[in-house]
Each structure stands twice: as structure tokens, then as C-alpha cells.
Amino acid sequence: MSSQSMPSSISAQDLDSILREDRIFPPPPEFSSTAHIKSLAEYESLYNRSIADPESFWAEAARNLHWFQPWTKTLDWNLPWAKWFVNGKLNLCSNCVDRHALGDNAEKTAIIWEAEPIGEDGQPEIRTLTYAQLHREVQRFANALKSLGIQKGDRVAIYMGMTPELAIALLACARIGAVHNVIFGGFAAHAIADRVNDSQCVAILTQDSSYRRGSEVPLKRTVDEALANTPSVKHVVVLKRSGTPVNMQPGRDWWWHDLVASSRPICPAEPMDSEDPLYILYTSGTTGKPKGLVHTTGGYSVGTYLTTRYCFDLDNPNHPNDVFWCTADIGWVTGHSYVVYGPLQNGATVLMYEGAPNYPGCDRFWDIIDRHKVTIFYTAPTAIRAFIKWGNEHVEKHSLASLRLLGTVGEPINPEAWMWYREKIGHNRCPIVDTWWQTETGGIMIAPIPGAVPTKPGSATRPFFGIQPEVVTPEGKPVPKGSGGLLVIRKPWPSMARTVWGDPERYQKTYWSDVPGSYFTGDGARQDADGYYWLMGRVDDVLNVSGHRLGTMEVESALVAHPKVAEAAVVGRPDDLKGQAVVAFVTLEGHVAASYAKAESSSAADHGSATPASSADSAAPANSLESLKDELKKWVAKEIGPIARPDDIRFTDALPKTRSGKIMRRLLRELATHGEIKGDTTTLEDFQVIAKLRESDEG
Ligand code: ATP
Ligand code: MG
């Protein structure tokens with residue numbers, strides 16, 4: 001059985017929604033007046049047209065790209081197998097680079113890159129590439145790959161840090177038709193080997209080391225370890241980034257700069273069939289073992305082109321100086337679609353930053369935004385919650401005046417985090433696009449078109465053009481507005497994944513079997529009276545309390561709304577009386593946690609004395625964490641109702657997350673239930689978090 005679809009957790013019953021959120025923010029008129037889409041009426045009329053005839057709608061969008069040969073049929077649909085732009089021939093690299101380099105945008109900046117380390121002059125290294133320069137570099141590296149015998153259809157693994165060469169590597173693969181398989185640069189050797197072997201990669205592109213939070217991450221050394229178990233790999237290309245010596249095996253390992261030095265800067269783009277695979281990418285592994293999704297060329301190009309254009313208002317002649325910064329690592333789908341392919345197809349200036357948000361200080365992102373005049377900023381709720389935890393003083397040092405649009409992706413965003421983002425980063429001036437989508441969907445599916453759709457904190461709002469989401473029962477019957485259910489997509493869309501690499505059966509079973517005739521997302525959602533979608537969390541994570549089925553998002557949002565709470569994850573633990581008891585794992589705001597720790601330690605020191613810990617000098621109350629637990633339980637009951645009142649609250653320094661920053665509730669559920677973890681932990685970011693949680697469990 002697939003990890004995503006557990007029929008046991010998909011009961012016939014609806015999800016109960018208990019969240020009350022009625023704030024609504026119309027798009028700022030200054031934004032709307034210069035946006036691509038200027039009003040709700042305009043959005044609705046285009047949306048209705050796109051749904052009445054999706055094929056014509058997508059075909060019209062596709063005509064904005066360069067095709068070597070036009071398609072003969074827009075969609076060939078044989079559930080669940082879709083072919084888009086049948087018989088069309090195009091090249092995504094050429095649409096990202098050549099179209100601009102050979103047109104009016106040759107001297108426009110394509111990539112601004114900022115290194116993490118701060119030099120002796122107090123400044124980080126910065127590199128910029130114009131579209132003309134990118135065109136040359138991509139062609140030289142494409143020739144370098146060819147010189148190693150890499151051909152169309154070969155799979156190439158990429159295990160690099162965030163450098164301009166990483167973007168060049170993707171584009172060069174796309175140019176010659178090699179299928180890239182990017183593996184996030186934080187994974188360990190066995191995770192690399194698994195992915196390389198699953199897709200039988202012939203080469204690995206890597207670098208000596210990368211920089212992260214002031215340390216060097218030895219990428220080549222980790223690749224060497226993986227190479228002991230990857231017989232398909234014939235070549236390794238190594239970018240020199242840090243200069244730290246690495247092992248180079250003659251005949252197998254090549255320096256990037258040597259290969260490129262002897263490569264000509266002219267390499268014609270390979271005409272690819274629309275359905276030729278473009279890349280393989282493994283999911284984040286939040287719910288189980290990662291799946292290697294396959295994206296193909298034509299549909300993915302069109303989908304990422306159009307979603308970037310409208311959701312981020314890019315390629316807008318009113319904003320020629322836009323600088324677009326998506327903070328995702330290219331190791332994730334967000335980086336593929338919204339650092340590289342979407343923005344470059346739109347001729348945008350893309351900012352890439354190498355390192356951590358809190359190096360050397362907690363204000364690095366805000367400093368970058370001010371120095372490079374970033375106008376559009378796209379990040380994840382996990383980052384936003386960290387910024388909140390670190391404290392407003394880091395944000396308030398910076399003007400952030402260049403920003404005009406904000407985005408978020410990756411998890412449901414708690415309404416209070418959304419409000420903080422709006423006020424502290426957007427200065428109540430920038431619309432927020434909360435974008436719901438998945439590795440499998442290739443591009444954004446539900447998100448407000450800024451300038452057109454009013455936003456509500458915590459809601460991804462309305463579907464993108466051509467996309468028909470629906471909230472249904474497991475039998476596929478629509479649930480009434482206001483009730484929760486399973487989120488499905490009714491019709492195929494161009495950027496959808498075509499299969500799981502080497503395992504079409506798993507593709508069919510995981511996504512197309514639970515709800516007959518529909519793509520099942522694995523997420524729960526409800527639609528409100530205005531037709532807005534509210535993501536309620538993963539269906540696998542649903543709590544079943546006294547006959548009520550609760551999504552995790554609403555209970556967690558209630559906790560996060562408490563002024564002392566930074567982050568929360570709730571899970572169910574079997575309970576004789578209620579079916580499941582609600583267990584909440586909670587991290588506190590930075591200064592609150594510190595003051596409690598101080599109060600606790602001084603009360604421990606004072607143990608036995610008549611005076612309790614002193615509290616006069618801090619925000620910490622004299623009473624203990626125990627009373628804060630009671631306070632939080634009461635708070636949740638009051639905010640959203642007694643049914644959601646946590647039975648058990650556990651404070652922790654950090655929650656277990658995937659390397660892409662998503663809370664792994666399945667591990668917390670195992671811990672809360674059995675006191676140990678047996679599930680797949682290869683994508684866990686920090687193993688110490690689990691060890692600490694276990695300790696506190698025993699203590
Ligand atoms: P796996 O499928 O291996 O468990 P994953 O689902 O985390 O991992 P991704 O494809 O990176 O892998 O993430 C997609 C999921 O992230 C969505 O299904 C949803 O649960 C969550 N998500 C992404 N964006 C949003 C959003 N804006 N609002 C709510 N949830 C979101
Ligand atoms: Mg998923």
C-alpha cells in the first residue's frame with residue numbers, strides 16, 4: 001500500500017472544521033493598478049474560460065513559448081496517463097535562456113548570486129550573470145557533458161550547493177536532453193545512493209564543498225562514500241567552490257573548470273518531444289519513503305511559465321526592475337519550478353543565495369533584500385516561524401521598502417504567522433500569495449492571483465487557471481461548502497507528473513486509486529462560502545477525537561496564536577475513551593523559552609528553600625511550565641472549542657522536520673504512541689531532535 005493513501009485513515013466521514021477566521025484583505029489598489037490581472041472580475045472571467053475549455057486555454061499559453069515543431073493534439077488523456085502537446089518539439093533551456101539572450105534581454109541580469117561567507121572586507125562575494133553570459137556558460141557546460149559521452153535520455157544526478165553552476169547544470173542537462181535528478185545537498189551518502197541507483201544515473205555533478213551556517217559541507221566526500229554503491233555512475237564532475245582538497249579518481253572524476261575550459265560556447269538545443277522526460281525528483285518524504293516523480297518537457301514548461309507569470313506578476317512591463325527571490329533550495333521542486341525554470345522562462349532577474357538565513361546574524365535575509373532591492377520574496381512557513389521565534393528586532397533594522405509581493409509554500413501557514421509576515425515583512429503593503437502545490441503537480445495549483453483575489457490569512461484561496469480542485473468524500477462525492485474532506489483534482493493539467501520512475505503501478509495506486517476518476521492529493525481541505533480553499537493538513541495525520549475528525553492545521557494554528565508559542569505539531573495517541581487523545585508538541589518563542597529556562601533552573605537551585613524562583617527580572621512567570629500547559633489547553637478550548645483541547649502538551653526546543661523544513665508528524669505520532677520510532681527517517685533533518693524528544697519523554 002502506498003504511504004500516502006491509508007484507507008484506514010480515510011473514513012467515510014467528513015473532516016470537522018473548527019477554525020474561525022474572518023479577516024479578509026483586498027489587494028492593495030497600488031498593486032492592482034499595475035498588475036497583469038487587475039480585478040477579481042478579470043480573474044473570474046479568465047478562470048471560467050479556462051475551465052470551460054482547458055485545452056484551448058493551455059494551448060494559448062503554450063504559444064508564448066518557442067516550439068521547434070507545433071503540437072498536433074493538445075491533450076491525450078487516458079486516465080491516469082496524460083500526454084500534453086502531443087508531437088510538439090521544444091527545449092526548455094532554450095526557452096529559459098536563448099529566447100532572452102538572443103532577443104532584447106541579452107544584457108539583462110538573469111542571476112544575482114550571493115555567497116554565504118562574509119569576506120575580510122565585511123562583504124559577501126556576489127556574482128551576476130546576464131542572459132548573454134548565462135547563454136554562453138550553459139552551452140559550454142552542455143558541451144562538457146557531451147564530451148563525457150552523456151546523451152539525450154541519460155540520467156544525471158546533481159548534488160550541489162546553491163551556486164550559479166547548479167542552475168547552469170540543470171539548464172545544460174535540459175539543453176542536451178539528459179534527465180536530471182537533483183538530490184538536496186544535505187542528504188547523506190545512502191540517500192544519494194538510493195536515488196542514483198533507483199534512476200540509474202550515469203554521472204554525478206557535485207562540488208568540493210558548500211557553505212552552510214558558517215561551516216563547510218563536504219559534498220565530494222559524501223559523494224565518494226555513495227560511489228562505493230552506485231555501479232551505474234561512470235563520471236563525476238566537481239565544481240571547485242571552497243578549494244578544500246578532495247580526492248579525484250583519474251578517469252572518473254573531472255574538474256568542472258577543466259572540462260569547461262576546453263568546451264566551445266556553442267551547443268544547439270536538442271529538440272525534445274513534449275513527453276520526453278525532463279527530470280526525476282524525489283518528494284520530501286514527509287509522509288513516508290520518497291517517490292521519484294517524473295516530469296516531462298512540454299507540459300511542465302507551459303505550467304511553470306504561466307504560474308510564475310501570474311502568481312508572481314513577473315514579466316510585467318510596469319516593473320522592469322523586479323528582482324525575484326525564491327528562497328527554496330534547488331534540491332526541492334520549489335527550486336526547480338520557481339528558482340530556475342519558471343522565472344527564467346519569464347526573463348526575470350533571479351536572486352540566489354548560498355546559505356542559511358541566520359548567518360552571520362538572524363537578519364541575513366532582510367539585509368539581502370535591502371542590498372539587492374528584492375521586489376518579490378517567496379519563502380516557507382517554517383522559515384517564517386523561525387523569523388518570529390528569533391524576534392522582531394532583526395527585521396526592524398531593515399527597510400524592506402523594495403518589496404511589492406510576498407509568497408509562501410510548503411505547509412499550511414498558520415493565520416498568526418501569515419499576519420506577522422504581512423505586517424513585519426510586507427508592511428501591510430504587499431499582497432501575500434499562499435501557494436498550495438506538490439512535487440507531483442509541478443507548479444502552483446491553488447493561490448491568490450495578487451492584484452485580483454482578496455486574501456484571508458491561512459487560506460490558499462482560489463485555484464489557478466485551468467485547475468479544478470474539489471473537496472470530496474472517499475467515494476468522490478463533493479462535500480458541502482464549509483465541511484472538510486479530501487482534496488482532489490478533477491482534470492489533468494499540463495505540469496502534472498507523468499509517473500513514478502520505474503514504477504507506474506505505484507503512480508496509479510498512490511494518486512489515482514483512492515478517489516475514483518480523480519487525482520488524490522493526500523491532503524485534507526475545506527472550501528468556504530466564498531469558494532476559498534483552506535488546507536487542513538495531511539489526511540494521514542488527521543486526528544480522530546470522540547468521533548470528530550480534526551485536521552492538524554486548525555489545532556496547531558490555535559496554539560501558534562498564543563503569544564508565547566512559536567511552533568506546534570499535534571498528533572493523535574490511541575485512547576480508550578476518546579478514540580484518540582490529542583498530544584501537542586510545542587516550541588516557545590525565543591525570549592519566552594529563555595525566561596522559562598532561567599526560572600526553572602533557579603527554582604531547581606532554590607529547591608527546598610522557602611522562596612520560589614525570582615521572576616521580577618524577566619517575562620517569565622514565577623509559576624512553572626506546568627501551569628503554562630494548563631494555560632495552553634484552556635486557550636485551545638476557548639479559541640476553537642473543547643473538542644480540540646490537548647490532553648497532553650510537551651515542550652521541546654525543536655520539532656522533527658524533513659530537510660525541506662516540513663514537520664514530520666508521523667514520527668511524533670509514533671513517539672507519542674509507542675515511545676519509539678520505526679518509520680523511514682532518511683529525510684529527517686536533525687536526528688538529535690528525536691533523541692532529545694525521547695529523553696524528555698522518559699524524563
Ligand atoms: P511526501 O509526499 O514524500 O510525504 P511531501 O508531501 O512533503 O512529501 P512535497 O511535494 O514537497 O512533498 O510537498 C507537498 C505537500 O506540502 C502538499 O501535499 C501539502 O501537504 C504541503 N503544502 C505545500 N504547500 C502548501 C500550502 N501552501 N498550504 C498547505 N499545504 C501545503
Ligand atoms: Mg506528498
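Take the sequence shown: its position 312, counting from 1, is numbered 312 in the UniProt record's numbering, and each next residue is one higher. Glycine is no exception: its CB is placed at the ideal position from the N, C-alpha and C atoms. Here the structure is a predicted model, which is why all the values come from computation and not from measurement.
The residue among 388, 286, 443 with its C-alpha nearest the C-alpha of residue 419 is 388. For the 8 Å CB-CB criterion, residue 210 and residue 161 form a contact. Rounded to the nearest angstrom, the gap between the Cα atoms of residue 466 and residue 534 is 19 Å. Per DSSP, reduced to three states, the secondary structure at residue 418 is helical. Here the distance from the Cβ of residue 442 to the nearest heavy atom of the ligand MG is not below 7 Å. Distance from the C-beta of residue 286 to the nearest heavy atom of the ligand MG is below 7 Å. Between the stretch 648–665 and the stretch 576–591 there are three or more C-beta pairs closer than 8 Å, enough to call the two in contact. Just measuring C-alpha positions, the residue of 523, 529, 197 sitting nearest residue 536 is 523.
With a cutoff of 8 Å on beta-carbon distance, residue 543 and residue 582 are scored as near each other. For secondary structure counted as the beta strand (DSSP E) over 3 or more consecutive residues, the stretch 360–432 holds these complete runs in sequence order: 376–379, 405–408. Where residue 326 is concerned, the enclosing beta strand (DSSP E) starts and stops at 323–326.
Annotation for residue 438 indicates a beta carbon within 7 Å of some heavy atom of the ligand ATP. Just measuring C-alpha positions, the residue of 540, 70, 59, 338 sitting nearest residue 347 is 338. For residue 332, the shortest separation between its Cβ and any heavy atom of the ligand ATP lies below 7 Å.
At least one heavy atom of the ligand ATP is found less than 7 Å from the C-beta of residue 434. The C-alpha of residue 443 lies about 18 Å from the C-alpha of residue 180. Between residue 643 and residue 673, the alpha-carbon positions lie close to 20 Å from each other. Where residue 574 is concerned, the enclosing beta strand (DSSP E) starts and stops at 565–575. When beta bridges are read from the DSSP output, residue 254 appears opposite 237. Secondary structure at residue 309: helix, using DSSP grouped into helix, strand and coil.
Within the chosen limit of 7 Å, the ligand ATP does not reach the beta carbon of residue 626 with any heavy atom. Contact annotation: the stretch 130–140 touches the stretch 84–104, with at least three C-beta pairs closer than 8 Å.
For residue 349, the CB contacts under 6 Å within the same chain, skipping 5 residues up- and downstream, are 109, 323 in chain order.
Secondary structure note for residue 541: it is in no alpha helix (DSSP H), with a DSSP letter that is neither H nor E. The C-beta distance from residue 155 to residue 199 rounds to 5 Å, short enough to fall under 8 Å. Ranked by Cα distance from residue 62, the options 46, 633, 45, 84 are led by 84. Ranked by Cα distance from residue 436, the options 525, 226, 508, 352 are led by 525.
Comparing alpha-carbon positions, the option among 569, 212, 482 lying closest to residue 118 turns out to be 212. When only Cα atoms are considered, residue 573 and residue 636 end up about 18 Å apart.
Exclusion of the five residues before and after residue 269 leaves 91, 93, 94, 98, 175 as the residues of its chain whose Cβ lies within less than 7 Å of its Cβ. Collapsing the DSSP output to three states places residue 331 in coil.
Between residue 296 and residue 277, the beta carbon gap of about 6 Å places them in contact (Cβ cut-off 8 Å). In this structure, the beta-carbon distance from residue 233 to residue 144 does not fall below 8 Å. Judged by their CB atoms, residue 281 and residue 333 are nearer to each other than the 8 Å cut-off.
Within the same chain, 28 come within 7 Å of residue 429 by CB-CB distance, once the 5 residues on both sides are set aside. Beta-bridge pairing by DSSP links residue 15 to 484.
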